[in-house]
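What follows is a short report on a single structure.
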């Protein structure tokens, strides 16, 4: 099977964060080819998860406009293939830590859709009983350890979870998602160094969507937008992967996770991806052109992946349509559940402060 | 009863925990091979090994955050900061992460972690290494802050801190590491959040904590020589703050001076003063008097530093000014 990932150290001639960045970018949007038939895993399930995230995020936007969801709302639309592909490579004893654009990661991990939506609505039935909101989703029983809203601050938390896995000699590993913006924080560099020195079982998963809020990464990062191969990873083995290609991400992650479980220490993946929507719901996107967005939207994994599955004979149109219908109903139910759930009791103000 | 120095008391508490509970481990800068900047962990590396006595890079954010993550996963880390001034580098982790995680997760995640740091002035380390940020941290809900003023309290409080299921910050006055006090061999713990009446009295209440207990005790001695009986309260814990003990004392003595060895303005004694006036104003014969170190960056020169640092003269002046005693 041809590897879809690029090992660190080779020079790349392609343009980073170009929508054509994928290995198969010229031949097909989602980059599905014969080798993918051999990739184990349930293609329809991967599609279901991506479609669930898309529908969930669209419903979030609608309910923000309706005033049911408040605060900051950062949608994962466009990046679904990265989260779904990466998390599909994990086992149930692994931890996941995310930043503030966390809905997609939580859903890919299988958190209860109703309780996730209820959290955004600030209801008592929410994952955190309405105390965390959009940026702070948690499901500790599933190893989903947040949802963190200070850029880069969750990286050492993830290192600590990995340290506990190392200390207790479990088979588990920790996957830490973060954006390109966080790589300019000192704590990013501190954490990678620490993880390398202690050889922690952690996978750093950089989702490079090209923008830290409204700042194009090349405006704020020495070295430009092309992280790979110039990124400081402190000797941690790193690969670049097409973040719009769910199977490529899955494969790259399976290899990295296998390396970690085999005692190879920390690993690093840079997924090149793109958010089709603004940084947050309030973002007017004055900092980028519509053409750039449109170009990436041509590679929308939620559209192209099922098209290719059908083309390759890996799924029928009826199967895809059924998944869509079922998933749409799941999200509609989640909104209904959230709407009908009670607000937290005022006594909840005082609970969960101290253990 | 045997006397031990403050450093030994802390060390004994740490050692017991490391022996008792395999989930307890330590992280910090030069706590292993070097033995700790203040020698609290001297010999630990040999006894407990590098897995449990972890020397860290000089990366306060990273190892503080790693401690929080390890605690979230069920371990019980003890983090040593070389100076409480370095807590500023890790403030984001302590405040945004450690203290908030439980609430934000709706109670799903706890952070049973101890953070220890030398605090305070008096050892000529100048502006960056002489501060007392336990007063800042005491404002943060979701964590506890204690500051033992003697060996007995140091051992009793560190035992409770390590057993607590919350982040607990233990501020250790650097000036006190070599100070001796009686410590029994029999096991005891001191409840977090309870003040101690260090000396019973009837004419005036003096409140302090940590190194501030030194000038307060000296002032109480001098007052007793002129027939004034001072009740001395050691807060021991800045969060939770035991205002009941303070208010009960003020209701008895009708006079109060609150004393901080940290800078005067905006410290924990501002909080104590406000609570006293709100809860006990009708019992007071005069104003709540507040004493603290001078509001300047800490100077290096010995004489200057001593003038800035709260001493017993400052306490007596406040007693005289407020109550004519």
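Protein chains in written order, with the numbering used here: chain A, 12 to 366; chain B, 91 to 415.
Heads up, the beta-carbon is just placed ideally off N, CA and C, and yes, glycines get one too.
Find the nearest neighbour of residue i within the set the options, judged by alpha-carbon distance.
i	options	result
residue 86/A	302/A, 334/A, 291/A	291/A
residue 296/A	224/A, 329/A, 156/A, 103/A	224/A
residue 119/B	96/B, 149/B, 101/B, 95/B	149/B
residue 151/A	138/A, 331/A, 218/A	138/A
residue 195/B	261/A, 140/A, 132/A, 129/A	140/A
residue 360/A	289/A, 135/A, 350/A	135/A
residue 200/B	257/B, 222/B, 360/B	257/B
residue 289/B	180/B, 335/B, 368/B, 184/B	335/B
residue 345/B	147/B, 295/B, 125/B	295/B
residue 338/B	276/B, 181/B, 371/B	371/B
residue 362/A	198/B, 182/B, 228/B	198/B
Who are the near neighbours of residue i in its chain, counting only those whose CB is closer than 7 Å to its CB and skipping five residues on each side?
i	result
residue 18/A	Here residue 18/A scores only 46 on pLDDT, less than 50, and its place in the model should not be relied on; the value that follows carries that caveat. 250.
residue 107/B	114, 252
residue 40/A	Residue confidence is low: residue 40/A scores 40 on pLDDT, short of 50, so the model does not pin down where it sits. Its coordinate-derived value is still stated next. Around residue 40/A: 309, 310, 315.
residue 193/B	232
Contact check, residue i vs residue j under 8 Å by CB: the rounded distance?
i	j	result
residue 324/B	residue 285/B	6 Å
residue 282/A	residue 186/A	Rounded, the Cβ-Cβ distance is 12 Å, inconsistent with contact.
residue 115/A	residue 162/A	17 Å between Cβ atoms; not a contact.
residue 208/A	residue 166/A	So it is not a contact: roughly 15 Å between Cβ atoms.
residue 268/A	residue 100/A	5 Å
residue 169/A	residue 213/A	6 Å
residue 164/A	residue 155/B	7 Å
residue 64/A	residue 119/A	7 Å
residue 153/A	residue 121/A	6 Å
residue 305/B	residue 401/B	5 Å
residue 349/B	residue 302/B	5 Å
residue 210/B	residue 222/B	5 Å
At what residues does the beta strand (DSSP E) containing residue i begin and finish?
i	result
residue 335/B	Segment 333–343 is the alpha helix (DSSP H) holding residue 335/B; no beta strand (DSSP E) there.
residue 108/A	106–108
residue 94/B	93–95
residue 286/A	Neither: residue 286/A is in no beta strand (DSSP E) and is coded neither H nor E.
residue 287/B	286–289
residue 187/A	185–190
residue 324/B	320–324
residue 249/B	Careful: residue 249/B lies outside any beta strand (DSSP E), inside the alpha helix (DSSP H) at 241–253.
residue 56/A	Segment 54–76 is the alpha helix (DSSP H) holding residue 56/A; no beta strand (DSSP E) there.
residue 120/A	That residue, residue 120/A, is in no beta strand (DSSP E); it is neither H nor E in DSSP.
Apart from the five residues just before and just after residue i, which ones in its own chain have a Cβ nearer than 6 Å to its Cβ?
i	result
residue 217/B	387, 388
residue 103/B	245, 248, 249
residue 89/A	285, 286, 287
residue 266/A	none
residue 202/B	161, 166, 255
residue 355/B	385
residue 98/B	none
residue 319/B	291, 292, 293
residue 404/B	381
residue 313/B	320
residue 170/B	118, 121, 206
Along the alpha helix (DSSP H) that carries residue i, what are the first and last residues, could you check?
i	result
residue 308/A	301–308
residue 153/B	150–162
residue 237/A	No alpha helix (DSSP H) holds residue 237/A; DSSP gives it neither H nor E.
residue 370/B	358–370
residue 338/A	328–351
residue 310/B	303–315
residue 405/B	402–413
residue 116/B	Not the alpha helix (DSSP H): residue 116/B falls in the beta strand (DSSP E), residues 114–118.
residue 319/A	312–322
Who are the Cβ neighbours of residue i in its own chain at under 8 Å, not counting the five residues just before and after it?
i	result
residue 51/A	Residue placement at residue 51/A is flagged as unreliable, the pLDDT there being 44, under the threshold of 50; the coordinate-derived value follows with that caveat. Correct list: empty, nothing qualifies.
residue 327/A	321
residue 272/B	91, 92, 93, 241, 242
residue 271/A	184, 212, 213, 214, 277, 278
residue 190/A	110, 112, 162, 217, 218, 219, 220, 223
residue 190/B	232
residue 329/A	none
residue 350/A	79, 132
residue 176/B	150, 207
With hydrogens ignored, establish whether the beta-carbon of residue i is closer than 6 Å to any heavy atom of the ligand SAM.
i	result
residue 147/B	This structure lacks the ligand SAM; in fact it carries no ligand of any kind.
When Cβ atoms are compared, which residues of the region 204–227 of chain B fall closer than 9 Å to chain A?
Those residues of the region 204–227 of chain B that come within reach of chain A (Cβ to Cβ, closer than 9 Å) do not exist; the list is empty.
Which residues, in order along the region 182–194 of chain B, keep a beta-carbon less than 8 Å from a beta-carbon of chain A?
Under the 8 Å Cβ criterion, the region 182–194 of chain B contributes 182, 183, 186, 187, 191, 192, 193, 194.
Using a beta-carbon distance cut-off of less than 7 Å, what residues from the region 104–129 of chain A approach chain B?
none
If the cut-off is 9 Å on Cβ atoms, which residues from the region 340–372 of chain B count as contacting chain A, listed in chain order?
For the region 340–372 of chain B, which is checked against every Cβ of chain A, not one residue is closer than 9 Å.
Short of 8 Å Cβ to Cβ, which residues in the region 167–182 of chain A face chain B?
Listed by position along the chain: 167, 168, 169, 170, 171, 172, 173, 174, 175, 176, 178, 179.
Anything in the region 130–141 of chain A with a Cβ closer than 9 Å to a Cβ of chain E? List those residues in chain order, please.
Among the protein chains of the structure shown, namely A and B, there is no chain E.
By the 7 Å beta-carbon criterion, what residues does the region 247–261 of chain B contribute toward chain A?
255, 256
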